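Going by this note's numbering, the first residue of the sequence shown is number 15, and it counts up by one from there. Ideal Cβ positions, reconstructed from N, Cα and C, are used throughout, including at glycine. Remember, it's a predicted structure, so these values are computed and weren't measured experimentally. Take a look at the structure below.
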Amino acid sequence: MTSKQPDWEAIERAYRAGALSIRTIAERQGVSDTAIRKKAKALNWTRDLSDQVRKEVRSKLVRGEVRNDQGANRELDAEIIEEAAEEGAQVVRSHRRDIRKATNLANLLMDDLLTTIQRREEIEEAIDVETAEDSNGMRRASMLAAVALPSNSKTLFQLSAAMKNLQVLERQAFGLDEKEKTDEADELSKLMDELSKEA
Numbered sequence: 015m016t017s018k019q020p021d022w023e024a025i026e027r028a029y030r031a032g033a034l035s036i037r038t039i040a041e042r043q044g045v046s047d048t049a050i051r052k053k054a055k056a057l058n059w060t061r062d063l064s065d066q067v068r069k070e071v072r073s074k075l076v077r078g079e080v081r082n083d084q085g086a087n088r089e090l091d092a093e094i095i096e097e098a099a100e101e102g103a104q105v106v107r108s109h110r111r112d113i114r115k116a117t118n119l120a121n122l123l124m125d126d127l128l129t130t131i132q133r134r135e136e137i138e139e140a141i142d143v144e145t146a147e148d149s150n151g152m153r154r155a156s157m158l159a160a161v162a163l164p165s166n167s168k169t170l171f172q173l174s175a176a177m178k179n180l181q182v183l184e185r186q187a188f189g190l191d192e193k194e195k196t197d198e199a200d201e202l203s204k205l206m207d208e209l210s211k212e213a
């Protein structure tokens, strides 16, 4: 049985686009990151298109359609930029949808907090009536804790923290942030390693 040969053309395009870390490219293509690094060094590949990719992502988000202003002699670069920009634009659009959903959920939680605060006495009385015949106070305590302000606040905090962390990881994976990237996006790899140890 022969093993599937790596698609070096696709690997080169992803490498040169500079939007994904080398480890991410390796995982997607089923090769080791070491093999990609060796091939890139041997063939003098450069990760020189990431700034152009970021600009193109912004253009796609603003205009929806991208006009190709590259010269005919730069068609391959333009294609690489276009592919990476489209993928990056999809990431940002997805983030916007997630943020909208999270905002709606946060608003519902805020409404719940407001209702709980405004009707605290009424809710506590209803819990007292419901649990009046209980042999111990455990159910009453659990019900009161479920409608307590700290419980809802903790949920809101955890939701916003989770969304922020996921979006930071995804944006780093695509190199969409302006800040200087470290050696082959190793910061992202270290963060992923730390998260896997905690899991």
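query = Contact between the segment 45 to 57 and the segment 65 to 73: three or more CB pairs below 8 Å?
reply = Counting Cβ pairs under 8 Å, fewer than three are found: no touch.
ask   = Tell me which same chain residues have a C-beta within less than 7 Å of the C-beta of residue 132, skipping the five on either side of it?
value = Residue 132 sits at position 118 when you count from the first residue of the sequence shown. Within the same chain, residue 132 has no close Cβ partners at all.
inquiry  = On the CB-based measure, 16 or more other CB atoms within 10 Å of its CB, does residue 24 come out buried or exposed?
reply    = The residue labelled residue 24 in the question sits at position 10 within the sequence shown. Burial call: exposed.
task = Pull up the CB-CB distance for residue 103 and residue 75, whole angstroms please, since I reckon it's below 8 Å.
result = Stepping through the sequence shown from its first residue, residue 103 is reached at position 89. Stepping through the sequence shown from its first residue, residue 75 is reached at position 61. Correct: roughly 6 Å between the Cβ atoms.
ask   = Should residue 32 be labelled buried (16 or more other beta-carbon atoms within 10 Å of its own) or exposed?
value = To locate residue 32, count along the sequence shown from 1; it is residue 18. Buried, because 16 or more other Cβ atoms sit within 10 Å of the Cβ of residue 32.
ask   = In whole angstroms, what separates the C-alpha of residue 153 from that of residue 145?
value = The residue labelled residue 153 in the question sits at position 139 within the sequence shown. The residue labelled residue 145 in the question sits at position 131 within the sequence shown. Between residue 153 and residue 145, the C-alpha separation is close to 7 Å.
task = Compare the C-beta of residue 67 against all C-beta atoms of chain D and say whether one is closer than 9 Å.
result = Going by chain labels, chain D is absent from the structure shown, which holds only one protein chain.
ask   = Taking all protein chains shown into account, do 16 or more other C-beta atoms lie within 10 angstroms of the C-beta of residue 30, making it buried, or fewer, making it exposed?
value = Here residue 30 refers to the residue found at position 16 of the sequence shown. It is buried - the Cβ of residue 30 has at least 16 other Cβ atoms within 10 Å.
ask   = Using DSSP with H/G/I as helix, E/B as strand and the rest coil, what is residue 182?
value = Here residue 182 corresponds to residue number 168 of the sequence shown, with the count starting at 1. Residue 182: helix per DSSP, three-state reduction.
query = When you compare each of 70, 113, 27 to residue 179 by their alpha carbons, which one comes out closest?
reply = Counting from 1 along the sequence shown, the entry for residue 179 is found at position 165. Nearest option by C-alpha distance: 113.
ask   = Around the C-beta of residue 70, are 16 or more other C-beta atoms found within 10 angstroms, so that it is buried, or is it exposed?
value = In the sequence shown, the residue the question calls residue 70 occupies position 56. By the 10 Å Cβ count, residue 70 comes out buried.
query = Hey, residue 37 and residue 47 are a contact pair by Cβ (cut 8 Å); roughly how many whole angstroms apart?
reply = The residue given as residue 37 occupies position 23 in the sequence shown. The residue given as residue 47 occupies position 33 in the sequence shown. That belief holds up - the Cβ atoms of residue 37 and residue 47 are roughly 5 Å apart, short of 8 Å.
task = Could you tell me the distance, in whole angstroms, from the CA atom of residue 157 to the CA atom of residue 165?
result = Translated into the one-based positions of the sequence shown, residue 157 becomes position 143. Translated into the one-based positions of the sequence shown, residue 165 becomes position 151. Looking at the two C-alpha atoms, the distance is approximately 11 Å.
query = Where do the ends of the alpha helix (DSSP H) carrying residue 22 lie?
reply = Taking the first residue of the sequence shown as 1, we reach residue 22 at position 8. Residue 22 -> alpha helix (DSSP H) spans 22 to 31.
key: residue 162 to residue 149 span [Cα, whole Å]   = As a working mapping, residue 162 is identified with position 148 in the sequence shown. As a working mapping, residue 149 is identified with position 135 in the sequence shown. One C-alpha to the other measures close to 23 Å.
key: residue 145 (DSSP reduced to helix, strand or coil)   = Here residue 145 refers to the residue found at position 131 when the sequence shown is read from its first residue. Of the three classes helix, strand and coil, the one that applies to residue 145 here is coil, per DSSP.
Other residues of its chain near residue 44: CB distance less than 8 Å, five sequence neighbours each side excluded = As a working mapping, residue 44 is identified with position 30 in the sequence shown. Result list for residue 44: 18, 20, in chain order.
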